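Notes to accompany the following structure.
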């Protein structure tokens with residue numbers, strides 16, 4: 216008896232048609248177009264939340280510093296413990312990384328003139344040297360009074376979420392509470408009283424400080440708060 220092998224039936228090979236491929240690709244593109252804005256919005260919101268948290272931490276640190284020393288970070292002369300001369304006040308503080316100058320990370324700030332108003336030793340404007348260590352730089356700086364400076368007052372706050380330094384209008388807070396360049400003592404500060412709002416600011420996503428030093432409300436996409444106003 217001979218056995219005959221019966222060949223198996225070969226199934227019909229079927230692939231995707233061009234129309235089906237186009238349809239699937241369209242669905243994928245649609246999903247991506249819906250998800251990407253959601254991810255971007257979530258990232259933007261996270262940046263705003265972090266900037267607000269950082270500015271609050273800076274405000275807390277400055278308040279603690281003031282509580283211990285009876286003035287804000289201000290050293291710009293031979294003795295950081297006395298504030299009898301308006302020239303002994305810094306115009307602004309910047310928050311960046313480490314103890315060196317923050318100038319490379321300043322935001323664009325047309326109304327602030329940060330480069331012009333920084334000190335001859337720019338690292339004096341770096342908040343690190345006032346709040347994290349008791350070492351305001353400069354050839355004559357003696358540091359803040361021993362026993363009163365009880366820092367560090369600030370932990371890990373560096374650049375804002377957009378890669379720029381936070382800027383604090385410390386000049387509006389000093390001279391024993393009067394704006395830098397003014398005379399008298401609170402509540403009797405007298406001219407010049409320019410820029411009397413103690414802003415703590417992130418320049419926001421666009422990297423430009425849109426809020427002027429003496430503004431009463433935030434402008435543009437800036438993030439921050441007024442700590443002190445006189």
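Numbering (the working numbering), first residue to last: 216 to 445.
Glycine included, C-beta positions come from ideal geometry on N, C-alpha and C.
Computed from a predicted structure; not experimentally measured.
Beta-bridge partners of residue i, as assigned by DSSP
i           : result
residue 413 : 443
residue 438 : 417
residue 381 : 310
residue 323 : 423
Buried or exposed by the 16-neighbour rule on C-beta atoms within 10 Å, applied to residue i
i           : result
residue 333 : buried
residue 371 : exposed
residue 236 : exposed
residue 232 : exposed
residue 365 : exposed
residue 367 : exposed
residue 338 : buried
residue 325 : exposed
residue 383 : buried
residue 344 : buried
residue 410 : Because residue 410 carries a pLDDT of 49, less than 50, the predicted location of this residue cannot be relied on, and no value is offered for it.
residue 426 : buried
residue 273 : buried
residue 234 : exposed
residue 428 : buried
residue 240 : exposed
residue 247 : exposed
residue 316 : buried
residue 226 : Confidence at residue 226 is low in this model, with a pLDDT of 49, below 50, so the placement of that residue should be treated as unreliable; the coordinate-derived value is given next. Answer is exposed; the Cβ neighbour count stays below 16.
residue 282 : exposed
residue 438 : buried
residue 280 : buried
Contact belief for residue i with residue j at Cβ below 8 angstroms, rounded distance in angstroms
i           : j           : result
residue 270 : residue 440 : 6 angstroms
residue 306 : residue 386 : 4 angstroms
residue 375 : residue 266 : 5 angstroms
residue 346 : residue 276 : 5 angstroms
residue 423 : residue 323 : 4 angstroms
residue 314 : residue 349 : Wrong, their Cβ atoms sit about 12 angstroms apart, outside the cutoff.
residue 351 : residue 290 : 4 angstroms
residue 443 : residue 419 : Rounded, the Cβ-Cβ distance is 21 angstroms, inconsistent with contact.
residue 318 : residue 330 : 7 angstroms
residue 286 : residue 361 : The pair is not a contact, with the Cβ atoms about 16 angstroms apart (cut-off 8 angstroms).
residue 380 : residue 309 : 4 angstroms
Under the three-state DSSP convention, the category residue i falls into
i           : result
residue 328 : coil
residue 430 : coil
residue 349 : coil
residue 344 : helix
residue 271 : helix
residue 240 : helix
residue 287 : coil
residue 335 : coil
residue 235 : helix
residue 259 : helix
residue 372 : coil
residue 362 : coil
residue 316 : coil
residue 305 : coil
beta-carbon residue i near the ligand ZN non-hydrogen atom, thresh 7 angstroms
i           : result
residue 236 : What this structure holds is no ligand at all, so the ligand ZN is not there to describe.
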